[in-house]
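This report concerns only the one structure given below.
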Amino acid sequence: MSETVVAPAPVEVAAPAEAYKGRSVPRKEDRRLVQGQGVFFDDLRRHGMGYVHFVRSPYAHAAITGIDVSKAMALEGVYGTLIGEEVAALTDPFFELSTPPGADIKDYALAVGKVRFQGEPVAAVVGATRELARDAAELVEVSYEPLPTIVDGEAALAEGAEILHEEAGSNVVWSGTFDWGDYEAALAEADRVVRIERLHFHRFSSTPLECSGCLVEYERATGQWTIYGNHQMPGIGAIWMGPSLRCGLDKLRFVSHDIGGGFGNKICLHPYYVACCLLARKLKRPVQWTEWRSDQHMANAHGNERTFLEVEVPVSADGTMLGFSVRAIDDCGAFPRYEPLGAIIWAQVTPGVYRWRNIRVDFTQVCTNKSPVSPNRGYSRMQHLWLTERIVDIVALELDLDPVEVRKRNFIRADEMPYETPNGCVYDSGDYALCLDRALELIGHDRLEERRREAAERGKLLGLGIGSTLDSGTNNFGQSQLLNPELQFSGNNEVATVKLDLFGELVVTLGTVPQGQGHETVAAQVVADILGVSPDDIHVRPGHDSYWNSHAGFSGTYASQFAVTGLGAVKGATELLADQIKRLAAVILGVGDPAAIELAEGHARLRDNPEAALPFMACGAIINANNAGLPPELDDVTLNCRYVFRPHFEVPDKERNFGNLTLTYATQIHACVIEVDRETGVTEIVDYAAVDDCGTRIHPQIVEGQVHGATAQALGAAIHEAFVYDEDGNLLTPNFYDYHVPHALDMPPMKNGYIESPSPFSPLGAKGMGEGGGAGIHAVCAALQDALRVAGRPIVDTSHNPYHRVWQLLRDPEATRRLVRVEQR
Amino acid sequence: MSAPVSGRTVTLTLNGETHEHEVEARRLLVHFIRDDLELTGTHVGCDTGNCGACSVILDGRLVKSCMLLAIQADGCSIETVEGLANGDELHPLQQAFSAHHALQCGYCTPGMLMSAKYLLDNNPEPTEGEIRRAIQGNICRCTGYVNIVAAVAATARGEVSA
Numbered sequence: 001m002s003e004t005v006v007a008p009a010p011v012e013v014a015a016p017a018e019a020y021k022g023r024s025v026p027r028k029e030d031r032r033l034v035q036g037q038g039v040f041f042d043d044l045r046r047h048g049m050g051y052v053h054f055v056r057s058p059y060a061h062a063a064i065t066g067i068d069v070s071k072a073m074a075l076e077g078v079y080g081t082l083i084g085e086e087v088a089a090l091t092d093p094f095f096e097l098s099t100p101p102g103a104d105i106k107d108y109a110l111a112v113g114k115v116r117f118q119g120e121p122v123a124a125v126v127g128a129t130r131e132l133a134r135d136a137a138e139l140v141e142v143s144y145e146p147l148p149t150i151v152d153g154e155a156a157l158a159e160g161a162e163i164l165h166e167e168a169g170s171n172v173v174w175s176g177t178f179d180w181g182d183y184e185a186a187l188a189e190a191d192r193v194v195r196i197e198r199l200h201f202h203r204f205s206s207t208p209l210e211c212s213g214c215l216v217e218y219e220r221a222t223g224q225w226t227i228y229g230n231h232q233m234p235g236i237g238a239i240w241m242g243p244s245l246r247c248g249l250d251k252l253r254f255v256s257h258d259i260g261g262g263f264g265n266k267i268c269l270h271p272y273y274v275a276c277c278l279l280a281r282k283l284k285r286p287v288q289w290t291e292w293r294s295d296q297h298m299a300n301a302h303g304n305e306r307t308f309l310e311v312e313v314p315v316s317a318d319g320t321m322l323g324f325s326v327r328a329i330d331d332c333g334a335f336p337r338y339e340p341l342g343a344i345i346w347a348q349v350t351p352g353v354y355r356w357r358n359i360r361v362d363f364t365q366v367c368t369n370k371s372p373v374s375p376n377r378g379y380s381r382m383q384h385l386w387l388t389e390r391i392v393d394i395v396a397l398e399l400d401l402d403p404v405e406v407r408k409r410n411f412i413r414a415d416e417m418p419y420e421t422p423n424g425c426v427y428d429s430g431d432y433a434l435c436l437d438r439a440l441e442l443i444g445h446d447r448l449e450e451r452r453r454e455a456a457e458r459g460k461l462l463g464l465g466i467g468s469t470l471d472s473g474t475n476n477f478g479q480s481q482l483l484n485p486e487l488q489f490s491g492n493n494e495v496a497t498v499k500l501d502l503f504g505e506l507v508v509t510l511g512t513v514p515q516g517q518g519h520e521t522v523a524a525q526v527v528a529d530i531l532g533v534s535p536d537d538i539h540v541r542p543g544h545d546s547y548w549n550s551h552a553g554f555s556g557t558y559a560s561q562f563a564v565t566g567l568g569a570v571k572g573a574t575e576l577l578a579d580q581i582k583r584l585a586a587v588i589l590g591v592g593d594p595a596a597i598e599l600a601e602g603h604a605r606l607r608d609n610p611e612a613a614l615p616f617m618a619c620g621a622i623i624n625a626n627n628a629g630l631p632p633e634l635d636d637v638t639l640n641c642r643y644v645f646r647p648h649f650e651v652p653d654k655e656r657n658f659g660n661l662t663l664t665y666a667t668q669i670h671a672c673v674i675e676v677d678r679e680t681g682v683t684e685i686v687d688y689a690a691v692d693d694c695g696t697r698i699h700p701q702i703v704e705g706q707v708h709g710a711t712a713q714a715l716g717a718a719i720h721e722a723f724v725y726d727e728d729g730n731l732l733t734p735n736f737y738d739y740h741v742p743h744a745l746d747m748p749p750m751k752n753g754y755i756e757s758p759s760p761f762s763p764l765g766a767k768g769m770g771e772g773g774g775a776g777i778h779a780v781c782a783a784l785q786d787a788l789r790v791a792g793r794p795i796v797d798t799s800h801n802p803y804h805r806v807w808q809l810l811r812d813p814e815a816t817r818r819l820v821r822v823e824q825r
Numbered sequence: 826m827s828a829p830v831s832g833r834t835v836t837l838t839l840n841g842e843t844h845e846h847e848v849e850a851r852r853l854l855v856h857f858i859r860d861d862l863e864l865t866g867t868h869v870g871c872d873t874g875n876c877g878a879c880s881v882i883l884d885g886r887l888v889k890s891c892m893l894l895a896i897q898a899d900g901c902s903i904e905t906v907e908g909l910a911n912g913d914e915l916h917p918l919q920q921a922f923s924a925h926h927a928l929q930c931g932y933c934t935p936g937m938l939m940s941a942k943y944l945l946d947n948n949p950e951p952t953e954g955e956i957r958r959a960i961q962g963n964i965c966r967c968t969g970y971v972n973i974v975a976a977v978a979a980t981a982r983g984e985v986s987a
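Protein chains in written order, with my numbering: chain A, 1 to 825; chain B, 826 to 987.
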């Protein structure tokens, strides 16, 4: 079933319909947020609280020869300090996911003995005010001996290169080869082989507007830390922190209320949180840390930078692509914190949206003297999908084919769904060709040549580009075992609790850790439909608290999975509760069979006699406060139900690197029409369409909001945003002056379209979505490639194309033409 | 020569209420509002005056409160997001932001609302271009501005629906 919605979905106010799912009901979160009543971690205060300021390295690579905190300690109002030596004594290095050499890297909360990137924290100071802590930090004297710096992934692999982590003995974190299908046969069969020497996906991140931070309290009586913060994946955060702090996970209570955007960038906060935990314990007082903007840009969470070398694409004469091979070098910065998971996550979408059956990828991840990376919206798949889309456009250019037609010829077809990829992933549903047609309709593809001519009259080159992505959601964490067979992670889970309380209150708690995705609203829609009440009758607790017992090892909001795992847990818990209410009502109303009971209008009532009804309030009161005389068959009825949703996954085959790595695949096809000024290289997006298919939409307006935001981030990355380093490892874009994110005037007009291909594998037919914005980067690159076809056919070889880069392509197309060769057979 | 003064008493009006407070001379207005006067709706997003999460209206002018010292606001009248609603009744802009899904995480929203209010106070019938220019100093990383522009336009047209 499909539909197209071009205008924004209107909000529905009245609520007479039977189902709330599928309707854009008003968001529960909004009333507090529009009044400034949200509770972000930095809004919290505690008696006697100290403010933490980190002393950070000005060098990208240097030995630490001394740290003297005495002058800082002498300042009135300074509560205390922490340095690397103490951290090394009091904690163990963070658990590493990699096999050697990466496994041998020692990563602590503060630099120990050596700094490896600019902005790396070497000491922390706590003072009575923010200003005082900052003053005191300036009094900490650190002696450094600078070392040679590596700021390039390829240079990290060079013979004789400076080694960042001596204990690992190499700058390689992890490397391996993936070989699926029969690549050699595909090469032999090809009529043409297109070879691309080098492509580069640049470094940027989503830079959430709220910086990272926490308020930590330590309770001496129990040895427990409470961390009020904005970690978006506390389940995994605790797994890193507990062993490091040498405590059980019960000693780490994570609380978040409102979070000001995450986008993956708030997953690797454990080094900072451990430092704050140590300080709270040492100083016997609550401590608070708020990251500064320049700190976030320098030293928290960059997206993975990836270089693709020796790309080889066997193609048939008719434009059918038989496969590809590539050598990928992924630069994870100074420490592989969430890494090397990025070395496998891309494999969720190995062939992208295309029917490539023979694929060989040689993947190496390295450390450099740059900020550590962290998952970033579209994590690792975005880089790989950009490669697949670049391949399609470059092959089309070199073989003089229409990129739209090449896509249509090579797309996986709707009638092939569910589709097993060469590496065993199962694409659940989708219709890529239909999405593309919708996108082309929206941008008026039939007038394209006319518009080209009209633009040319104004001295502009006009181009059309398509960007396709698959937003793979609900990870099978078993994929980590393809990197390291010893890891004991597999499957996935999420938790929710739903209870009916004494006065009839319906209360939902979520294991997910929302950062703006509207979980309170969407969860309430699902509960309301099952219990026969309105979303307004349901209180979904904002945020996350590990005291609620509504979390599990993989709890969090990341990797496009709330609509599947989060809502799967909500649905499961609510069905348990509904069953208990019916059993209770059957006893109270004197009917034997709970199936005779229906839930409607806040009552449990007889299906064939709605007058015989028990209000939910009575149910809650009976179980909680008036339960004498209840029969023993109701002993298990608590009206407080917890459900753990576990998607059915197998551990992938480690010999063949084969298996299903994610449960759902949402589709995004974006179409971008760009104009390029021939003289200056200045570009303008003059038309843009985003077509999204995330299966059944629970709240269409929220889906559309995600599409808008993801697209804006992609367009920013494609044209403006980059973390640029000089050769000494100085970050040149450490704030929003130099790192330009889109402002309101930067955004082009956007058209949105939707189709719905329900997932056969998810509880509600919905797919996780929100990370498909990478399509915008691909679409901009493709549009530039198309526009520049008449200007010497330069190759768009990087994901970052600010005006000066476009000007270079116009000035010297041969510089990139040299990257491509076509072998005729 | 006398020692430099490190602080002074500031008296100002915040959302119609008068406050008198000792403040360090170097205290930023935004930290004064958040930490001393305990109104945490005004946010900090960038420390450099780029993002506008700290936007407030000071004596009828839209300002970024991280770009002013608290002592510069002595004697001034300040409006923040907490002053928009009238009791339980949300300001039309607040209603429109919710109706049009003009916020996701809500972190930029207070500053965005103050910029929008300043616009409509001074230009009740803005064009789309004027709306975009008016919120040019406010960064949102969630929405791509599409629905924010729609919400401000709907407010200007008097289409308030919650």
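All C-beta atoms in this analysis are idealised placements derived from N, C-alpha and C, irrespective of residue type, glycine included.
Same chain, Cβ closer than 6 Å to A/A690, neighbours up to 5 away in sequence not counted
Closer than 6 Å at the Cβ level, and outside the excluded window around A/A690, lie H670, V707, T711, N752.
For a cutoff of 8 Å on Cβ pairs, would you count A/S170 as touching chain B?
So no, A/S170 is outside the interface.
Give the straight-line distance between the Cα atoms of A/I263 and A/Y218, rounded to the nearest whole angstrom.
Note that residue 263 of chain A is Phe in the sequence shown, not Ile. Rounded to the nearest angstrom, the two C-alpha atoms are 29 Å apart.
For B/A987 and chain A, any beta-carbon pair shorter than 8 Å?
Confidence is the limiting factor: at B/A987 the pLDDT is only 43, short of 50, which leaves the residue's position unreliable and the question unanswerable from this model.
Which runs of the alpha helix (DSSP H), 4 residues or longer, sit entirely within the stretch 355-424 of chain A?
As far as the stretch 355-424 of chain A is concerned, its whole alpha helix (DSSP H) runs of at least 4 residues are 381-398, 403-410.
So what's B/N947 in DSSP terms, helix, strand or just coil?
In the structure shown, the three-state DSSP call for B/N947 is helix.
Got a sec? Which residues, its chain only, sit under 7 Å from A/H270 by beta carbon, not counting five neighbours each side?
Around A/H270: F94, G237, W240, M241.
Which word fits A/I674, buried or exposed, when buried means at least 16 other C-beta atoms lie within 10 angstroms of its C-beta?
Note on A/I674: 16 or more other CB atoms within 10 angstroms of its CB, so buried under the neighbour-count rule.
What beta strand (DSSP E) runs, 3 residues minimum, are completely inside the stretch 880-918 of chain B?
Runs of the beta strand (DSSP E) inside the stretch 880-918 of chain B: 880-883, 886-889, 902-904.
CB-CB under 7 Å to A/V52, same chain, minus the five flanking residues each way: which ones, in chain order?
Closer than 7 Å at the Cβ level, and outside the excluded window around A/V52, lie A124, V126, A133, C276, L279, V287, Q288, W289.
Answer yes if the stretch 497-514 of chain A comes into contact with the stretch 463-471 of chain A, meaning at least three C-beta pairs across the two stretches below 8 Å, and no otherwise.
Taking a cut-off of 8 Å on C-beta distances, the stretch 463-471 of chain A does not touch the stretch 497-514 of chain A, as fewer than three cross pairs fall below it.
What would DSSP say about B/T865, mapped onto helix, strand or coil?
Correct three-state label for B/T865: coil.
Between the alpha carbons of A/D400 and A/A783, how many angstroms are there, rounded?
Rounded to whole angstroms, A/D400 to A/A783 spans 16 Å at the Cα level.
Leaving aside the five residues before and after B/C879 along the sequence, list all residues of the same chain whose C-beta is less than 7 Å from its C-beta, in chain order.
Within the same chain, B/C879 has close Cβ partners V855, T867, H868, V869, K889, S890, C891, G936.
Would you check if there are 3 or more beta carbon pairs closer than 8 Å linking the stretch 736-744 of chain A to the stretch 675-682 of chain A?
Segments in contact, no.
Three or more C-beta pairs below 8 Å linking the stretch 166-183 of chain A and the stretch 71-86 of chain A:
Between the stretch 166-183 of chain A and the stretch 71-86 of chain A, the count of C-beta pairs closer than 8 Å stays below three; the two stretches do not touch.
Report the residues of the stretch 965-986 of chain B with a CB closer than 8 Å to any CB of chain A, ordered along the chain.
For chain A, the residues of the stretch 965-986 of chain B that bring a beta carbon within less than 8 Å of one of its beta carbons are C965, R966, C967, T968, G969, Y970, V971, N972, I973, V974, A975, S986, in chain order.
Going along the chain, which residues of the stretch 279-301 of chain A sit with their C-beta nearer than 9 Å to a C-beta in chain B?
Taking a C-beta cut-off of 9 Å against chain B, the contacting residues of the stretch 279-301 of chain A are T290, W292, R293, S294, listed in chain order.
Using Cβ-Cβ distances below 8 Å, what residues of the stretch 836-855 of chain B are close to chain A?
Residues of the stretch 836-855 of chain B whose Cβ lies closer than 8 Å to any Cβ of chain A, in chain order: E849, R851, R852.
Residues near A/D362 by beta carbon distance below 6 Å, same chain, minus five either side
Within the same chain, A/D362 has close Cβ partners T177, R327.
Nearest-angstrom Cα separation, counted from B/L862 out to B/E842
Distance between the alpha carbons of B/E842 and B/L862: 11 Å.
Taking the C-alpha atoms as reference points, what is the distance between A/F649 and A/P234?
Between A/F649 and A/P234, the alpha-carbon positions lie close to 23 Å from each other.
Please confirm whether B/R957 has its beta-carbon closer than 8 Å to some beta-carbon of chain A.
Judged by the 8 Å Cβ criterion, B/R957 is in contact with chain A.
Strand pairing of A/W289, partner residues [DSSP]:
According to DSSP, which records beta bridges pairwise, A/W289 is partnered with A/C214.
Express the C-alpha separation of B/L837 and B/L864 in angstroms, rounding to a whole number.
Those two C-alpha atoms are separated by around 14 Å.
Quick one: Cα of A/V11 to Cα of A/Q383, how far?
Note that A/V11 has pLDDT 38, beneath the 50 cutoff, so the model's placement of it is unreliable and the number below is only indicative. When the Cα atoms are used, A/V11 and A/Q383 turn out to be separated by approximately 35 Å.
Beta-bridge partners of A/L614, as assigned by DSSP
Answer is A/A604.
List the residues of chain B whose Cβ lies closer than 9 Å to the Cβ of A/N735, in chain order.
Within chain B, the residues C871, D872, T873, N875 have their CB atoms less than 9 Å from the CB of A/N735, given in chain order.
Could you name the residues that DSSP lists as bridge partners for A/F645?
In the DSSP secondary-structure assignment, A/F645 is bridged to A/E494.
If we count Cβ pairs, one from each stretch, closer than 8 Å, do we get three or more for the stretch 570-588 of chain A versus the stretch 514-534 of chain A?
Touching, per the Cβ criterion.
Distance, Cα to Cα, A/P813 vs A/V404?
Looking at the two C-alpha atoms, the distance is approximately 23 Å.
Between the stretch 307-318 of chain A and the stretch 369-379 of chain A, do at least 3 Cβ pairs fall closer than 8 Å?
Counting C-beta pairs with one atom in each stretch, the stretch 307-318 of chain A and the stretch 369-379 of chain A have fewer than three that are closer than 8 Å, which means they do not touch.
For A/Q824, is the classification buried or exposed, using 16 other Cβ atoms within 10 angstroms of its Cβ as the cut-off for buried?
By the 10 Å Cβ count, A/Q824 comes out exposed.
For chain A, find out if any of its Cβ atoms is closer than 8 Å to the Cβ of B/E907; answer yes or no.
For B/E907, at least one C-beta of chain A is nearer than 8 Å to its own C-beta.
Along the chain, where does the beta strand (DSSP E) that runs through A/P121 open and close?
Here the beta strand (DSSP E) through A/P121 covers 121-127.
C-alpha gap between A/N493 and A/Y228, whole angstroms:
Those two C-alpha atoms are separated by around 23 Å.
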